[in-house]
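Asks: Numbering (my numbering), first residue to last: 14 to 718. We put the beta carbon where it would ideally sit given N, CA and C, even for glycine. Note that the coordinates shown come from a computational prediction; the quantities given were computed from them, not determined experimentally.
1. Using DSSP with H/G/I as helix, E/B as strand and the rest coil, what is residue 699?
2. Between residue 140 and residue 183, what straight-line distance do the alpha-carbon atoms span, to the nearest angstrom?
3. For residue 270, which residues of its own chain have a beta-carbon under 8 Å away from its beta-carbon, when the five flanking residues on both sides are left out?
4. Helix, strand or coil: how does DSSP classify residue 286 here?
5. Using the three-state DSSP reduction, which class does residue 633 fall into: helix, strand or coil?
6. Count the other C-beta atoms from every protein chain shown that fall within 10 angstroms of the C-beta of residue 267, then say buried if there are 16 or more, exposed otherwise.
7. Suppose you measure from the CA of residue 605 to the CA of residue 486; what does that come to, to the nearest Å?
8. Starting from residue 711, trace the beta strand (DSSP E) in both directions and tell me its first and last residue.
9. Using the beta-carbon count (16 or more within 10 Å), is residue 709 buried or exposed?
10. Which residue's Cα is closest to the Cα of residue 541: 549, 547 and 532?
11. Can you give me the start and stop residues for the alpha helix (DSSP H) that residue 368 sits inside?
12. By the 10 Å Cβ neighbour count, where 16 or more other Cβ atoms means buried, how is residue 126 classified, buried or exposed?
13. From residue 21 to residue 427, what distance separates their C-alpha atoms?
14. Rounded to whole angstroms, what is the Cα-Cα separation between residue 378 and residue 193?
15. Tell me which same chain residues have a C-beta within less than 8 Å of the C-beta of residue 237, skipping the five on either side of it?
16. Which residues does DSSP pair with residue 62 in a beta bridge?
17. Measure the beta-carbon distance from residue 645 to residue 677 and round it to whole angstroms, keeping in mind my assumption that it falls under 8 Å.
18. Can you tell me where the beta strand (DSSP E) with residue 616 in it begins and where it stops?
19. Pairs of beta-carbons, one from the region 365 to 372 and one from the region 472 to 491, closer than 8 Å: are there three or more?
20. Residue 551 and residue 501 - do their beta-carbons sit closer together than 8 Å?
21. If you follow the beta strand (DSSP E) that residue 112 is in, where does it begin and where does it stop?
22. With a Cβ-Cβ cutoff of 8 Å, do residue 689 and residue 715 count as a contact?
23. Could you work out which residue in 567, 583 and 473 is closest to residue 287 when comparing CA atoms only?
24. Whole beta strand (DSSP E) runs in the region 291 to 348 with 3 or more residues, listed along the chain?
25. Within its chain, find whatever has a CB closer than 8 Å to the CB of residue 564; leave out the 5 residues flanking it on each side and keep chain order.
26. May I ask which residues mark the beginning and end of the alpha helix (DSSP H) holding residue 239?
27. Let me know if residue 138 comes out buried or exposed under the rule of 16 or more other beta-carbons within 10 Å of its beta-carbon.
28. Could you please give the first and the last residue of the uninterrupted alpha helix (DSSP H) stretch that includes residue 514?
29. Taking Cβ to Cβ, would you say residue 652 is nearer than 8 Å to residue 634?
30. Can you tell me the Cα-Cα spacing of residue 43 and residue 62, whole angstroms?
31. Where does residue 71 sit, in a helix, a strand or coil, going by DSSP?
32. Is residue 555 helix, strand or coil when you go by DSSP?
33. Have a look at 444, 59 and 593 and flag the residue whose alpha-carbon is nearest the alpha-carbon of residue 507.
34. Would you check if there are 3 or more beta carbon pairs closer than 8 Å linking the region 458 to 466 to the region 555 to 573?
35. Quick check on this structure: which residue in 694, 585, 439 and 290 has the alpha carbon closest to the alpha carbon of residue 241?
36. Hey, residue 32 and residue 79: beta-carbon distance below 8 Å or not?
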């Protein structure tokens with residue numbers, strides 16, 4: 014171990030003594046299974062059953078209290094009724110226990126927050142940390158420790174599993190055994206009353222026995238701290254997450270299951286992408302990724318080559334490569350020069366390289382070795398479709414020798430498609446630490462995870478350069494709104510804040526008489542727009558409170574009188590402040606840029622094209638605020654409709670640099686002003702390249718106190 018005993022969670026995973034409080038001799042009880050696992054494990058420290066009624070538990074001397082144990086106890090596993098847990102924790106604190114795993118359930122997951130907080134308070138009084146409650150325990154294979162009621166035996170491996178679900182965690186452990194992958198650790202976090210994903214990430218980041226971190230997550234209680242930690246961890250180890258609650262009903266189920274806030278799934282996805290976390294859509298994909306990530310280093314470049322003995326599986330892998338972002342090396346002349354000497358004249362050297370079904374194992378091995386040694390090729394996808402006359406075992410053994418002889422200098426993934434005969438070939442490669450799969454799409458998927466992690470690992474840590482915002486001036490405007498008992502800013506107030514943020518707004522004036530309207534329009538210059546100003550009317554157009562393209566005094570009179578009359582009639586009793594006279598601006602591409610507060614991650618920023626793109630297609634991109642200018646550009650580029658901004662169909666390219674600056678400014682505004690619940694600029698007109706972007710309308714809403 015390359016970190017000191019005093020560091021973080023060391024004694025949770027390397028305890029000098031473990032007490033199971035509630036250990037039992039009665040089969041079927043959790044206390045029986047937990048102590049049985051500990052007793053039968055390879056853990057070499059003290060193993061102490063605590064039971065107030067039994068003198069001997071499963072052949073071991075039992076103690077009535079943890080205080081009676083004469084030796085050091087660093088870890089206590091608590092399996093007693095909820096009513097007894099506080100007293101047991103007090104005893105653990107007096108004994109000097111460093112960590113308590115509370116298997117007992119019946120706390121925040123059923124709404125008993127007060128009782129859960131009481132446990133944390135007791136532990137803190139003694140400098141003790143709690144894992145749980147509502148967990149199944151932990152397993153740490155490097156220390157031979159099994160302090161859980163999960164499976165008794167696990168294959169040692171390099172993947173650490175952190176799970177928020179007890180039942181699913183146990184099932185995943187069984188799946189790991191079936192997959193032959195092995196684990197370094199399994200940690201059930203349950204309600205995360207104290208020890209969290211963040212604490213565990215920090216431990217496994219330093220743990221030399223862990224190569225991949227795999228998390229099943231239903232929600233997070235400190236999303237921003239989790240992201241900050243994960244961004245650092247990803248630079249040395251990949252993080253694979255299955256995050257449940259993608260649907261509204263799923264999120265509700267997750268919240269009731271764990272007592273945590275599930276948050277918006279789109280924002281979870283955006284947050285994971287932002288820091289380089291790999292989110293798997295299901296268990297099968299997670300295991301495909303883990304196999305590749307735990308066996309291979311990521312490629313240094315983007316160019317992969319497919320070697321196949323069948324055109325069909327080659328095309329399937331090609332389709333999967335395009336869908337999953339795996340770039341195929343396409344220098345045909347170079348590929349022909351590289352592979353032609355080893356192939357029959359009728360074979361294709363285009364990528365995918367089709368060596369044909371007549372190729373024997375030796376041709377396969379020569380082609381794989383050429384690809385492994387060629388610097389222009391970053392990774393290899395080797396496919397085999399079962400054909401008569403090929404010795405699948407020899408093919409696998411020889412391929413293994415080639416990859417190991419090349420010292421795994423670049424990732425290679427295999428797919429053996431066929432019947433029972435290919436099973437052994439897949440096992441041979443996986444046992445050698447070379448990822449092998451049953452289907453070509455799975456092999457490509459595994460490689461895609463390696464490529465994505467490699468890009469995240471090479472990407473430097475984010476450096477934020479916040480724009481200078483006149484904080485005091487903005488806060489004065491927000492305070493004035495509060496002082497008047499409002500949470501909704503008026504449009505002129507919102508636009509003044511936009512202006513202070515460095516965002517262009519059309520010239521405007523607020524007027525309360527027709528005479529003032531005439532004067533304002535003359536000063537601003539026709540054409541103008543007339544809009545109602547009222548804290549009681551948010552959607553101005555819906556009540557007839559907006560008139561556009563007013564070209565002269567006669568039209569202005571009609572427009573002014575109409576917006577006042579329409580608004581008064583539509584919303585009786587509305588407080589009318591007057592009308593906003595604002596300059597009409599040339600129409601640009603309509604974009605919406607906004608900010609909101611997410612329950613899991615706090616301030617977030619959003620961008621999308623306006624109109625049908627946001628209303629019908631939901632074509633928007635989120636990030637956790639604040640963002641860098643590069644992240645703002647990535648948000649824009651991720652929109653399906655982004656070609657419109659770059660001059661699709663011969664249209665003039667738009668000022669995406671100005672749009673990026675607006676996104677960045679709003680992200681910093683949301684991060685700085687905690688009292689803001691949500692805001693948006695809609696529409697923001699993005700003009701031609703070099704002509705900027707103009708906030709035509711917008712709103713800002715404060716949090717309810």
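Replies: Looking at the coordinates:
1. strand
2. 30 Å
3. At residue 270 the pLDDT is 35, less than 50, meaning the model places this residue with poor confidence; the figure from the coordinates comes in the next sentence. Result list for residue 270: 122, 178 and 231, in chain order.
4. helix
5. strand
6. Unreliable placement is indicated for residue 267, whose pLDDT of 45 sits below 50; the coordinate value is still reported in the next sentence. That one is buried.
7. 25 Å
8. 711 to 715
9. When all chains shown are included, residue 709 counts as buried.
10. Closest by alpha carbon: 532.
11. First-last for residue 368: undefined, no H or E at that position.
12. exposed
13. 40 Å
14. It is roughly 25 Å from the alpha-carbon of residue 378 to the alpha-carbon of residue 193.
15. 614, 615 and 637
16. Answer is 33.
17. 5 Å
18. 615 to 622
19. no
20. In terms of Cβ geometry, residue 501 and residue 551 form a close pair [threshold 8 Å].
21. Note, residue 112: beta strand (DSSP E), 112 to 115.
22. Taking C-beta atoms as the reference points, residue 689 and residue 715 count as a pair closer than 8 Å.
23. Taking only the C-alpha atoms, the option nearest residue 287 is 473.
24. 316 to 321
25. 539 and 540
26. 236 to 246
27. exposed
28. First-last for residue 514: undefined, no H or E at that position.
29. yes
30. 13 Å
31. coil
32. helix
33. 593
34. no
35. Residue 241 has its Cα closest to that of 290, out of 694, 585, 439 and 290.
36. yes
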